[in-house]
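Mapped onto the working numbering, the consecutive letters of the sequence shown carry residue numbers 1 to 126. C-beta atoms are modelled at their ideal positions from N, C-alpha and C, and glycine is treated no differently.
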Amino acid sequence: PVGAIIVKDGKIIGKGHNSRERNCDISGHAEIMAIKEAEETLGNWRLDGASLYVTLEPCLMCAGAILQARIHKVVISSLDSKDGAILSHYYVYDSPSSHERPLVYQGVLKEKCDLLLKNFFLGLRK
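And the structure:
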């Protein structure tokens, strides 16, 4: 249920979902997949002016990729109390070395995403 889209100029230029387990690929996170697709769509790794919407707060790896891709805005539905690297644990974008800090918003569709994620992970533990 972890999914991400990247929007620029009102158009979806990249989308992704977590495929780490299925593809045996540690970089198979929704944000990374969406960034790769957006880069291919634009023919450029610089995603200036783009916005990323994601169901679960990005981890440290994804937060770094968002920063490197120069994404302008990040909209997070649910916080990740275990691995969240933007608002929950590491606060990556608060670092003085983060020169291209994206705007960060949290809580869009929060209740729906919280329930979706909770039910998914409960199902895995059964």
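Is it right to say residue i is buried, meaning 16 or more other beta carbons lie within 10 angstroms of its own, or is it exposed?
| i | result |
| --- | --- |
| ILE26 | exposed |
| CYS62 | buried |
| SER81 | exposed |
| CYS24 | exposed |
| TYR105 | exposed |
| LEU124 | exposed |
Given residue i, which residues of its chain have a CB within under 7 Å of its CB, disregarding the five upstream and five downstream residues?
| i | result |
| --- | --- |
| ALA65 | GLU31, ILE32, ILE35 |
| GLY49 | LYS8, HIS72 |
Spatial neighbours of residue i within its chain, please: CB distance less than 8 Å, with the 5 preceding and 5 following residues excluded, ordered by chain position.
| i | result |
| --- | --- |
| TYR90 | LEU60, ALA63, GLY84 |
| VAL92 | LEU60, ALA63, GLY64, LEU67, ALA85, ILE86, SER98 |
| LEU103 | HIS72, LYS73, VAL74 |
| LYS15 | GLY3, ALA4, ILE5, ILE6, MET33, ALA34, GLU37 |
What residues in its chain sit with their C-beta under 6 Å from that of residue i, if we drop five residues either side in the sequence?
| i | result |
| --- | --- |
| ARG46 | ARG70 |
Measure how close the beta-carbons of residue i and residue j come, nearest whole angstrom, since I'm counting them as under 8 Å.
| i | j | result |
| --- | --- | --- |
| SER88 | GLU111 | With a Cβ gap of about 18 Å, SER88 and GLU111 do not count as contacting. |
| GLY28 | ASN18 | 7 Å |
contact_flag[the region 96 to 103, the region 114 to 123] where n(CB pairs < 8 Å) is 3 or more: no
Ranges of the beta strand (DSSP E) found wholly within the region 48 to 85, counting only runs of at least 3: 51 to 56, 73 to 78
Within the region 3 to 31, ranges of the alpha helix (DSSP H) (whole runs, at least 4 residues): Counting whole runs of 4 or more residues, the region 3 to 31 contains the alpha helix (DSSP H) stretches 20 to 23.
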